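To start, the structure under review is shown below, and the notes come after it.
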Amino acid sequence: MANTPQAKKRIRRNNRRAEINGARMSRIRGFVKKVETACEAGDKDAAQTALKIAQPELARGVARGVMHKNTASRKLSRLTKRVAAL
1198 MANTPQAKKR IRRNNRRAEI NGARMSRIRG FVKKVETACE AGDKDAAQTA
1248 LKIAQPELAR GVARGVMHKN TASRKLSRLT KRVAAL
């Protein structure tokens, strides 16, 4: 267990940040899922619209530090490829 006041503060801060970052990742996953479900349904218009919404969300995740830039880039690339294949 943490002994110093600073260590206790870091634990509180880390718990707050983990909650916020978890919500952000969940939000990003939701937008990606919308693109994937539209692709599976074969609805190209819906997939393109969902992709346009998901793209800035992925970029925002990178900017906020909850996702590595290469991970976001890879996900975006794969989604774009799937939508283009429709």
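In the working numbering, the protein residues as written are 1198 to 1283. Glycine is no exception: its CB is placed at the ideal position from the N, C-alpha and C atoms. Given the structure is predicted, the values throughout are model-derived calculations rather than measurements.
Start and end of the alpha helix (DSSP H) containing residue i?
i       : result
Leu1283 : No alpha helix (DSSP H) contains Leu1283, which DSSP labels as neither H nor E.
Give the secondary structure of residue i by DSSP, where H, G and I count as helix, E and B as strand, and everything else as coil.
i       : result
Asp1240 : coil
Val1263 : coil
Met1222 : helix
Ala1199 : coil
Within 10 angstroms of the Cβ of residue i, are there 16 or more other Cβ atoms? Answer buried if so, exposed if not.
i       : result
Lys1205 : exposed
Ala1269 : buried
Ile1217 : exposed
Verify whether the separation of the beta carbon atoms of residue i and residue j is less than 9 Å.
i       : j       : result
Lys1272 : Leu1283 : no
Ile1208 : Ala1220 : no
Phe1228 : Ala1215 : no
Meets three-Cβ-pair contact criterion under 8 Å: the region 1248-1255 and the region 1229-1238: yes
Given 8 Å, three or more beta-carbon pairs between the region 1253-1262 and the region 1235-1242: The region 1253-1262 makes no contact with the region 1235-1242; the number of CB pairs closer than 8 Å stays below 3.
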